[in-house]
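Following: one structure in structure tokens, then a few remarks.
Residue numbers (the numbering used here): 3 to 434.
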């Protein structure tokens, strides 16, 4: 039996060995890399890839989160505004402009916020529209070098001064305006707003114009417009670089010539000053803010919640015994029976027990006045109650509730006198 069971085991071992040898000869170990999601730092800083690129090139690049101390930046530094919302404060905006006048390098992405238009007026930037959204990349020349970038709906503009260099696109503006520009202009015509408000509305309407890019002028198209998509110009002792920075975010930086273009826009040819990225402030969630500033409130709320759950939650254990029902006493039973008979006008059934008790009491007291044979006369002698009333109460059947109550009152008074006669210690009536 043991020799019979050994052969299958040997065959299985040989089969496994053959399969292992085959796999070792035909399989090759390869390592593959997969892109994962963004880290928390990359979600907070959309220019993290560009910042690390500058660090690899030997520049000092770091985020600048303290937007309240923008005026303390070094004069040879470069500052990139991730979003113009950090310039909503007029004092902060004036501090940045003063820093640029002292020699700083401001990199200004052309956003769509209200603060961006305020910086446009201060820096002499005139927005003329936006590029027609296209899937094909756009070639242009910057600092004498041809670069290709995926601009999308980038803003096109002009400058009120001569730039140090600019990236020019040729084309024509379409007559299409978005609904905001048309409706806002009609609203201003109806309400006749002041001139300064009308100027802002006209600037927004011009920005909504679509710019169609053409490669060259021709007889069919006629003369074309020339607009800037990137430019660098002097501002005081410093310089300002403007343009669309959407291609330079973490996900788009490796495409086309975006990395090279980003380095050209962020750096100056005469030095390697530090580069700072003014990031959009990240506001914490409500729970995080409460945990940081109102910890005791959260602890108190948690204690109240636990107490409420403890109060309303069912508790599993032995059942509480049910107390026996309260049984009414004899007095309550008699009162209920009397009320029922009174409602049914059974006056004779109600008065008969009292009448019999009075008759028995008078019979026991006949020895006091043997000369009086009639019970009503004996009752009148003992209680000073009218004999006719006593006779009526002892003999007649009540026909109404009034007559029943009158007979009951007479019998109760007579019964009280009889009880006093039977117990001399409590006697208070008249003795004959």
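For glycine and all other residues, C-beta sits at the position ideal for the given N, C-alpha and C.
Asked                                                                                                               : Found
Alpha-carbon spacing of residue 365 relative to residue 403, whole angstroms                                        : 28 Å
Contact set for residue 103: own chain, Cβ-Cβ below 8 Å, skip 5 residues either direction                           : 237, 238, 239 and 240
Coil, strand or helix - residue 147 by DSSP                                                                         : strand
Alpha-carbon to alpha-carbon, residue 255 and residue 62                                                            : 19 Å
Beta carbon proximity, residue 18 to chain D, threshold 9 Å                                                         : No chain D is part of this structure, which consists of one protein chain only.
Run of the alpha helix (DSSP H) containing residue 292, from where it starts to where it stops                      : 288 to 295
CB-CB length for residue 130 against residue 229, believed under 8 Å                                                : 6 Å
Within the region 296 to 325, ranges of the alpha helix (DSSP H) (whole runs, at least 4 residues)                  : 297 to 314
Residue 122 burial status per 10 Å Cβ neighbour count (16 or more: buried)                                          : buried
Buried/exposed call for residue 288, threshold 16 Cβ in 10 Å                                                        : exposed
Opening and closing residue of the beta strand (DSSP E) in which residue 228 lies                                   : 227 to 237
Validate contact between the region 257 to 272 and the region 47 to 55 using beta carbons, cut 8 Å, 3 pairs         : yes
Same chain, Cβ closer than 6 Å to residue 169, neighbours up to 5 away in sequence not counted                      : 142, 144, 231 and 232
Residue 249 versus residue 93 - alpha carbon distance                                                               : 30 Å
Residue 459, DSSP secondary structure in three states                                                               : Outside the modelled stretch of the chain, which goes from 3 to 434, sits residue 459, for which no answer is possible.
Residue 423 classed as buried or exposed, judged by whether at least 16 other C-beta atoms fall within 10 angstroms : buried
Nearest-angstrom Cβ-Cβ length linking residue 259 and residue 149, presumed shorter than 8 Å                        : 4 Å
Residue 386 to residue 392 span [Cα, whole Å]                                                                       : 10 Å
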